[in-house]
Amino acid sequence: MLNIDLHCHSNVSDGVLPPADVVARAAANGVHALALTDHDDVAGIAAAQAAAETAGVVLIPGVEISVTWRGQTVHIVGLRIDPLHPDLAGGLAGIRRGRIERARRMGDDLARSGITGAYEGAFGYAVNKEMVGRTHFARWLVAQGHAPDMRSAFKRFLTRGNPGYVEHEWTALENAVGWIRASGGMAVIAHPGRYAFNARELHLLLDAFRALGGEGIEVITGSHHPSEYGKFADLARAFGLKASRGADFHAPGESIDLGRLPALPHYCQPVWQGWPELADHFSPSLA
Ligand code: AMP
Ligand code: MN
Ligand code: MN
Ligand code: MN
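Here the sequence shown is numbered in the numbering used here, starting from 45 and rising by one per residue.
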């Protein structure tokens, strides 16, 4: 069976490895097809594509777009996007500009709690100076001794009610799905188990997403506890959504590694069903 991993990050967003190293690591882990899905940027796809050709991996161009829906942040993964499409590229550039302004406010908020230099510090961890986020602040906070590890950095700081958390309006769901579709891609709701929605709100989100032309939902992800897999597989089926699988890898040792995930439940319809690049590259017995 093919090992397909459709969610991961390079140092173009908040991962630590350059895009080519992410691809090489995936290949070493036995991944056959990998989607690079950096937050709000597609700048790593060309390098990942070149590395994938060398490694014999199929690279799926992807992105993870930050959205605000009913006052909460939701992440929408785009798969098989065209990174050069002007609607998508322009939309993402706008989100990245908002991130820089947000980082400034995060730094100011931390300074009010006596932690100075966080804005400059976070930028020191952002290889791509256009794409700064909470992970870069968390890495700096850990390095400065303000938290023992990433987990506690997010628990003590950077989350609602704690120093360094600021409200931020991301783009609308319809924009994210619209840009992905305009560029020829498929929209997928990332890690649905991570959102603080009740069942009714989650159903409303799935309905709205479907109505906009969204097609998939992550069922097997590094962000889900194994006890949640069944729930989201059932929801995918109930809402007529295809199922995706991705580690959400950011850094070696930080969470689940590339491709190291269980298979989708047998009754799910995989998002990759019928993708010609898989059929072209792998024998039908594998695909
Ligand atoms: P941002 O898009 O800047 O708000 O940053 C969100 C990113 O922070 C996510 O994609 C994760 O990589 C990371 N993150 C969020 N919550 C946690 C957590 N509790 N522990 C570790 N990383 C987290
Ligand atoms: Mn991230
Ligand atoms: Mn995410
Ligand atoms: Mn992610």
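Yeah, the Cβ is synthetic: ideal placement off N, Cα and C, and Gly gets one too.
| Asked | Found |
| --- | --- |
| Residues proximal to ligand 1 by C-beta, any heavy atom closer than 6 Å | D58, H83, S110, G177, R178, T179, M194, R195, F198 and H294 |
| Cutoff 6 Å; reference A92; Cβ partners in own chain excluding five residues on either side | P63, V67, L80 and L103 |
| Cβ-Cβ distance between P309 and K286 below 8 Å | no |
| Separation of E218 from G237, as counted between CA atoms | 21 Å |
| Contact set for D292: own chain, Cβ-Cβ below 8 Å, skip 5 residues either direction | H51, C52, H53, A234, H235, T265, G266, S267, S299 and I300 |
| With 16 other Cβ atoms within 10 Å as the buried cut-off, status of H269 | exposed |
| Around ligand 3, Cβ to any heavy atom closer than 6 Å, ordered along the chain | E108, H119, A234 and H235 |
| Residue interval of the alpha helix (DSSP H) (run including S157) | Note, S157: premise wrong, no alpha helix (DSSP H); not H, not E. |
| Beta-carbon gap between V56 and R146 smaller than 8 Å | no |
| Every unbroken alpha helix (DSSP H) within the region 128–209, with a cutoff of 4 residues, ordered by chain | 130–156, 162–169, 178–187 and 194–200 |
| Closest residue to A197 among A226, P127, I159 and G115 (Cα-Cα distance) | I159 |
| DSSP beta-bridge partners of T215 | V111 |
| Separation of E213 from W223, as counted between CA atoms | 18 Å |
| Segments of 4+ residues assigned as alpha helix (DSSP H) that fall wholly inside the region 260–319 | 273–282 |
| Stretch-stretch touch, CB-based, cutoff 8 Å, three pairs: the region 249–266 with the region 148–164 | no |
| Helix, strand or coil at I120 [DSSP, three-state] | strand |
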